[in-house]
Amino acid sequence: MIRRLAFLGIVAGVWTFAAATAQAETRIGAVSTNFRLLGANDKACYASFAKTGGVKGSLGVATDPSQFGLSCVATGPVTLPAGLPAKQQIAAISASFLVKHFDLFRLVDPDHKAIAYVLISTKIIHGSPANAVSAVPLSGH
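For the sequence shown, my numbering assigns the number 38 to the initial residue and increments by one for each residue that follows.
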């Protein structure tokens, strides 16, 4: 009986440590679509992704949900370079091995003087892929 209680105590301690470690993890990332060797970049996009925690998540066995958010902001004057395609895939992010990934597209909207960014999951959820949209206005408009 004492061995069993000791074993359960050890398991509970490991479980608590794993949960505390998972909650303490913070990842911040940015995707900028206009990299310049000299000078400041004029916009930045921030994406947040849901990550599965717990034992399965820490071992890489669990599938992360297709939940995410996207926010793009102007960090300087935004102009349209000559020859910029109307639609272009600018990033691909792998979320799980052979199951799903996220694609980030840039769309130019000359009528509304804006650049839109669309983040799409390849995993189908309830009949359609999940997506998020963010727009950045062009400078002087």
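No residue lacks a Cβ here, since even glycine has one placed at the ideal position from N, Cα and C.
In this text the structure is predicted, and so the values were computed from the model without any measurement.
Who are the near neighbours of A123 in its chain, counting only those whose CB is closer than 8 Å to its CB and skipping five residues on each side?
-> Walking along the sequence shown from the start, residue 123 turns up at place 86. Around A123: L144 and V145.
Status (buried if at least 16 other CB within 10 Å, exposed otherwise) for V115 | Stepping through the sequence shown from its first residue, residue 115 is reached at position 78. That one is buried.
Of all Cβ atoms in chain D, is any one closer than 7 Å to the Cβ of D146?
-> Protein chain content of the structure displayed is limited to a single chain, and chain D is not contained in it.
Straight-line gap, S108 to A119 (C-alpha atoms, nearest Å) = In the sequence shown, residue 108 corresponds to position 71, counting from 1. In the sequence shown, residue 119 corresponds to position 82, counting from 1. For S108 and A119, the distance between alpha carbons rounds to 25 Å.
Please state whether DSSP places S176 in a helix, a strand or coil.
-> Numbered from its first residue, the sequence shown carries residue 176 at position 139. S176: coil per DSSP, three-state reduction.
With a CB to CB cut of under 7 Å and the five nearest residues on each side skipped, what residues in its chain are close to H138?
-> Translated into positions along the sequence shown, residue 138 becomes position 101. Contacts found: A129, I130, S131, A132 and T159.
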